[in-house]
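For reference, the structure is listed below as structure tokens.
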Amino acid sequence: MKRIFCPKCDDLLTFDEKKYPDAKALAFVCPRCGHQFKIRLGRKKVMTASGELKEVKEPDFTCGYIHVIENTFGFKQDFPLILGDNVIGRRNKDTDGVNVEIITADPSMGRKHCIIQVKEENGTYIYTLRDFPSLTGTFLNNTCLGKKEQVIIEGGAVVTIGATTFILHEAGEKPEE
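Count the sequence shown with our numbering and you get residues 118 to 294, in order.
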């Protein structure tokens, strides 16, 4: 299933892209706001609001990624990590400064909930986790992180923010299709 967002109201729409051939233009009407828009399947370029073509890059998983476990609020998602701070939070079209926007209806996850910092030292990646701070806290393997506490985490670490859980995958691992 392919997920797209309405360019006007940011509502999530899903459809089965396997039913349509590549380069096929599809028209949608947002059920929430009634906005009409088109997308083209199989393209690496998208049209911006200003009318110019922008190239869409494939996700780069070289620094590792997080895998959001499917739960009652949403579906499984994989997000690549970058060197430096990766601010993780709930997707909202008005939120700035978030690298990893988890699509969820989980009200207990903050817009900016936690940070995973990725550093490279001697060819290996070091991952550290800290709370942003959030109202509901950040849990590492069922243990709540203290205020201003920063911990080193490794691949397979289970992190819970609000009612949503994700797993850290280290560099070199590729997400499953």
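Every residue gets a Cβ at the ideal spot worked out from N, C-alpha and C, and that includes glycine.
Looking at the backbone, the Cα of TYR137 and that of LYS119 are separated by about 11 Å. By a beta-carbon distance limit of 8 Å, ILE219 does not contact ILE284. Their separation comes to about 13 Å. Looking from the CA of CYS231, the closest CA among ALA142, PHE249, ASN239, LEU198 belongs to PHE249. Straight-line measurement puts the Cα of ALA280 at about 26 Å from the Cα of CYS123. Around the beta-carbon of ALA274, 16 or more other beta-carbon atoms lie within 10 Å, marking it buried. No Cβ-Cβ contact shorter than 9 Å links ALA144 with LYS135. The residue from LYS236, THR260, MET226 with its alpha-carbon nearest to that of THR253 is MET226. For LYS236, the secondary structure class from DSSP, reduced to helix, strand or coil, is strand. At least 9 Å separates the beta-carbon of ASP211 from that of GLY191. In this structure the region 233-245 does not touch the region 147-154; the number of beta carbon pairs closer than 8 Å is below three.
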